[in-house]
Amino acid sequence: MKSNHVDYIFLFSVIILSFFGLIMVYSASNVVALEKYHDSLYFFKRQALFLGFSFIIMILIIKINISKLEKYVTVIFFFCLILLLIVLIPGIGVVRGGARSWINIFGFSIQPSEFMKIGLTLLYAKYLKDNYAELKSFKKFIMIFSIAIIIFLIIMLQPDFGTALVIVLSALILIFITGVPIKYYAIILGIGLLGIIVLIISAPYRIERIMAFINPWSDPLGSGFQGIQSLFAITPGGLLGHGFNNSIQKHFFLPEPQNDFIFAIILEELGLIGGIIVLFLYFLIIYRGIKISIGSNNNFLKFTGLGIVISLATQVIINVSVVIGLLPVTGITLPLFSYGGSSLLLTITSLSIILSISKDYNHQ
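Numbering follows the numbering used here, in which position 224 of the sequence shown is assigned residue number 282; successive positions increment by one, without gaps.
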């Protein structure tokens with residue numbers, strides 16, 4: 059049954075997390091921003107600008123008939139692919155932290171791999187809708203999954219293992235829920251483990267990250283530094299934390315605290331309670347997103363919504379696990395919180411698609 063209005067629980071959860079994230083970007087970054095740019099609001103203002111633009115995009119997406127998006131899937135995917143290839147060209151792609159993952163446009167940096175998350179999700183949704191009955195064929199399974207592998211390899215040329223990992227895992231999970239035989243996954247798992255071993259061996263810094271995960275104190279000032287400083291932020295936070303803007307670790311102990319490890323700053327300043335609130339809001343978004351997607355009568359929108367939710371959930375789980383020391387450092391951001399205009403814009407754009415889908419089901 060059409061409701062003609064969006065899912066308000068989903069909408070308010072996204073809005074609250076977005077503004078909460080903006081506030082935490084300020085708290086986590088003001089010390090570094092003042093030292094590096096002589097402006098404590100430097101990161102905050104840029105993030106606020108992208109947040110404002112993201113909300114404008116959200117309003118536009120909610121108002122349109124989102125089912126028409128299916129007509130433009132191929133165009134959107136190849137646009138994202140072109141951006142992904144352009145970033146590899148020296149002189150165009152911007153190198154940061156050893157990775158060529160950004161393109162500068164009018165003084166702002168965009169990250170094409172973030173665009174590919176939604177581009178590939180839309181392509182998969184279209185393919186799964188058109189070939190749903192044939193996916194039990196191993197040939198069809200390999201055909202669709204190979205696209206994710208190609209994108210994975212292109213992103214690894216930057217290299218950006220974190221984003222590439224999220225894309226592949228999200229693709230596997232989305233295909234899995236369509237009922238593909240589990241035996242196919244045993245084959246992919248074997249190939250995947252072999253590939254991961256090759257990737258680890260081919261880049262010494264990945265071996266260092268694995269060793270740092272196993273025993274960070276073996277190199278506390280090198281490969282284990284970030285993980286140790288994250289735990290130093292979390293542990294003293296206790297139940298209620300030190301209070302907003304009172305982080306100690308953001309004072310040049312935890313590198314780039316406004317990025318991948320912003321959840322550590324949340325736990326340090328707002329304690330376990332603050333962390334639980336953040337995770338609960340993510341849970342609401344994921345739960346309502348699944349319910350909205352499954353409730354759609356349009357299979358393209360159903361798979362699109364599920365793909366978006368899966369990608370978000372995968373990213374949140376990996377990021378939080380890294381911050382609390384359950385996984386090695388991967389360089390994966392926390393959606394709606396970590397500083398980065400491309401990530402924020404594309405995350406809210408993706409969630410806006412689910413909001414538009416929610417107009418066409420009976421809210422319960």
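Quick reminder that beta carbons are idealized off the backbone N, C-alpha and C, glycines included.
Computed from a prediction, not measured in an experiment: that's the story for all the values here.
Item                                                                                                                : Value
Nearest-angstrom Cβ-Cβ length linking Ile-335 and Met-82, presumed shorter than 8 Å                                 : Not a contact, Cβ separation roughly 12 Å.
Beta-carbon proximity check, Ala-183 vs Phe-361, cutoff 8 Å                                                         : yes
Cβ pair Leu-186, Thr-236 closer than 8 Å                                                                            : yes
For Asn-377, three-class secondary structure by DSSP                                                                : helix
Counted within 10 angstroms of its Cβ, other Cβ atoms place Tyr-95 as buried (16 or more) or exposed                : exposed
Beta-carbon proximity of Leu-180 to Phe-135, cut-off 8 Å                                                            : yes
Distance between Leu-289 and Leu-297 (C-alpha atoms, nearest Å)                                                     : 15 Å
Pro-148 (DSSP reduced to helix, strand or coil)                                                                     : strand
Distance, Asp-65 Cα to His-421 Cα                                                                                   : Unreliable placement is indicated for His-421, whose pLDDT of 49 sits below 50; no coordinate value is reported for it.
Test item: CB-CB of Ile-320 and Phe-199 under 8 Å                                                                   : no
Continuous alpha helix (DSSP H) assignments of at least 4 residues falling wholly in the region 234 to 318          : 240 to 260, 262 to 272, 283 to 295
Reduced DSSP category for Phe-166 - H, G, I as helix; E, B as strand; rest coil                                     : strand
Close-in-space but distant-in-sequence residues of the same chain around Gly-325 (CB under 6 Å, 5 per side omitted) : In the sequence as displayed, the identity of residue 325 is Leu instead of Gly. Only Ile-292, Gly-295, Gly-333 meet the Cβ criterion.
Per-residue DSSP class, three states only, for Ser-125                                                              : helix
Residues that Arg-346 bridges to, as DSSP identifies them                                                           : According to DSSP, which records beta bridges pairwise, Arg-346 is partnered with nothing at all.
Residues near Ile-67 by beta carbon distance below 8 Å, same chain, minus five either side                          : Leu-342, Arg-346
Reduced DSSP category for Ser-369 - H, G, I as helix; E, B as strand; rest coil                                     : helix
CA-to-CA distance, Leu-146 to Ile-40, given in whole angstroms                                                      : One cannot answer for residue 40 here, as it falls past the ends of the chain, which runs 59 to 422.
Exposure of Asp-218, with buried meaning 16 or more beta-carbon neighbours within 10 Å                              : buried
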